[in-house]
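S.K.: Sharing a structure, written as C-alpha cells. Questions coming.
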Amino acid sequence: MRHFLTDPLDEQEVEQLLVLAHSAPSVGLSQPWRFVRIITPALREQLATHVDAQIVKAGQMYKGDEDKLYRSLKLHGLREAPVLFAVYCDEGTETGHKLGAITMPEARRYSCVMAIHTIWLAARTRGIGMGWISILDRPTVDAMLEIPENWRCLGLLCLGYPVSEEATPELERRGWEHRTDWHSTIVTR
Numbered sequence: 083m084r085h086f087l088t089d090p091l092d093e094q095e096v097e098q099l100l101v102l103a104h105s106a107p108s109v110g111l112s113q114p115w116r117f118v119r120i121i122t123p124a125l126r127e128q129l130a131t132h133v134d135a136q137i138v139k140a141g142q143m144y145k146g147d148e149d150k151l152y153r154s155l156k157l158h159g160l161r162e163a164p165v166l167f168a169v170y171c172d173e174g175t176e177t178g179h180k181l182g183a184i185t186m187p188e189a190r191r192y193s194c195v196m197a198i199h200t201i202w203l204a205a206r207t208r209g210i211g212m213g214w215i216s217i218l219d220r221p222t223v224d225a226m227l228e229i230p231e232n233w234r235c236l237g238l239l240c241l242g243y244p245v246s247e248e249a250t251p252e253l254e255r256r257g258w259e260h261r262t263d264w265h266s267t268i269v270t271r
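Count along the sequence shown from 1, add 82, and you get the number used in the numbering used here.
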C-alpha cells in the first residue's frame with residue numbers, strides 16, 4: 083500500500099496495533115522488535131527524500147519497458163501516511179536468554195517479521211492500510227534516527243487509511259509481477 087489519505091489515525095487504535103504486535107511469537111520469547119515512531123515533520127521529510135534517492139539508485143538496474151514501469155510506480159507513502167514507524171531487531175537483546183538464537187541468530191529477525199505481519203493483518207481488519215519500505219540505506223537511516231549499534235533495520239512502515247480499497251495488490255494490477263500459484267511454492271520430499 084502506497085496511496086494513503088492524510089486523515090489521522092486514532093491513537094488508541096495505533097496503540098492497540100502495537101499491543102497486538104507485541105503478542106507475536108518470538109524465538110525464545112525474546113521479543114526483539116523495536117518500533118521507532120517518527121513524528122517530527124522534518125525527520126519524516128528527510129527520510130522521504132532519502133528513500134526517493136534510493137529508489138532512483140535502485141532503479142538503475144532496470145532497462146527498457148521494465149525501467150519505464152519502475153519509474154511510474156509509487157513506491158512509498160512517507161509524505162502522506164499519518165503514522166510512520168522504523169522497525170528494528172535488537173540483535174543484542176538478552177531477553178529470552180538466546181534460546182533458539184545461538185544456532186540460528188536470524189530467528190530474531192524472523193520474530194520481528196512476525197510482529198510486522200501481526201500489525202499488518204490487524205490493521206487491515208480495521209480498514210487501515212500498511213506499506214513496508216525496504217528501498218533504503220540502513221546505515222543512513224540508522225544515523226538519522228540515532229539507533230543503537232546492535233539494532234538492525236528491517237524497514238519503514240507507513241500506516242493510514244487507503245485512498246481506495248483494492249483486492250489486488252498494486253504491483254500486480256500494474257503488471258510488475260503476478261501472484262504465483264500456491265502449488266508452485268510447495269516441495270515434497
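Virtual Cβ for every residue (Gly too), placed ideally from N, Cα, C.
Below 8 angstroms on the Cβ atoms is my contact criterion, and I expect R190 with V109 to pass it. Report the Cβ-Cβ distance as a whole number of Å.
M.R.: Here residue 190 refers to the residue found at position 108 of the sequence shown. Here residue 109 refers to the residue found at position 27 of the sequence shown. R190 to V109, Cβ: 6 angstroms. Contact.
S.K.: Could you tell me which uninterrupted alpha helix (DSSP H) segments, each at least 4 residues in length, are contained entirely in the stretch 155 to 243, listed from first to last along the chain?
M.R.: Within the stretch 155 to 243, the complete alpha helix (DSSP H) runs of at least 4 residues are 189 to 207, 220 to 227.
S.K.: By the 10 Å Cβ neighbour count, where 16 or more other Cβ atoms means buried, how is P251 classified, buried or exposed?
M.R.: Locating residue 251 in the sequence shown gives position 169, where the first residue counts as 1. Exposed.
S.K.: Quick check: the Cα distance between Y170 and E231, rounded to an integer number of angstroms?
M.R.: Within the sequence shown, residue 170 is the residue found at index 88, counting from 1. Within the sequence shown, residue 231 is the residue found at index 149, counting from 1. When rounded, the distance between both Cα atoms is 11 angstroms.
S.K.: Please return the same chain residues whose Cβ sits closer than 8 angstroms to the Cβ of D149, not counting the five positions on each side in sequence.
M.R.: Residue numbering aside, residue 149 sits at position 67 when the sequence shown is read from its first letter. So the list reads G141, once near-sequence residues are dropped.
S.K.: Which whole-angstrom value is the C-beta distance of I198 and I137, which I expect to be below 8 angstroms?
M.R.: Walking along the sequence shown from the start, residue 198 turns up at place 116. Walking along the sequence shown from the start, residue 137 turns up at place 55. In fact, because the Cβ distance is near 21 angstroms, the residues do not count as touching under 8 angstroms.
S.K.: Is the Cβ-Cβ distance between P114 and T175 less than 8 angstroms?
M.R.: Reading the sequence shown from its first residue, position 32 is the one you call residue 114. Reading the sequence shown from its first residue, position 93 is the one you call residue 175. A contact, by the Cβ cut-off of 8 angstroms.
S.K.: Can you tell me which of the three DSSP states R116 falls into?
M.R.: Counted from its first residue, the sequence shown places residue 116 at position 34. R116: strand per DSSP, three-state reduction.
S.K.: If the criterion is Cβ atoms closer than 8 angstroms, does the pair P164 and D92 meet it?
M.R.: Translated into the one-based positions of the sequence shown, residue 164 becomes position 82. Translated into the one-based positions of the sequence shown, residue 92 becomes position 10. The answer is no: Cβ separation not under 8 angstroms.
S.K.: Hey, could you find the ends of the alpha helix (DSSP H) H132 is sitting in?
M.R.: The residue you call residue 132 lines up with position 50 of the sequence shown. Note, H132: alpha helix (DSSP H), 123 to 141.
S.K.: Compute the beta-carbon to beta-carbon distance between V245 and L87, rounded to the nearest angstrom, for a pair I have assumed lies under 8 angstroms.
M.R.: Position 163 of the sequence shown holds residue 245. Position 5 of the sequence shown holds residue 87. Between L87 and V245 the Cβ distance is about 6 angstroms, and since that is below 8 angstroms, they are a contact.
S.K.: Just mark M83 as buried or exposed, buried being the case when its beta carbon has 16 or more other beta carbons within 10 Å.
M.R.: Residue 83 sits at position 1 when you count from the first residue of the sequence shown. Buried: at least 16 other Cβ atoms inside 10 Å.
S.K.: Counting along the chain, where does the alpha helix (DSSP H) carrying R84 start and finish?
M.R.: Taking the sequence shown and counting its residues from 1, the one referred to as residue 84 is at position 2. Careful: R84 lies outside any alpha helix (DSSP H) and carries neither H nor E.
S.K.: With respect to the alpha helix (DSSP H) encompassing A103, which residues constitute its N-terminal and C-terminal limits?
M.R.: Walking along the sequence shown from the start, residue 103 turns up at place 21. Element bounds for A103: 93 to 104.
S.K.: Please determine, among L102, L111, Q98, the residue with the shortest C-alpha to C-alpha distance to T177.
M.R.: The count along the sequence shown starts at 1 and reaches residue 177 at position 95. Among L102, L111, Q98, the Cα nearest to that of T177 is on L111.
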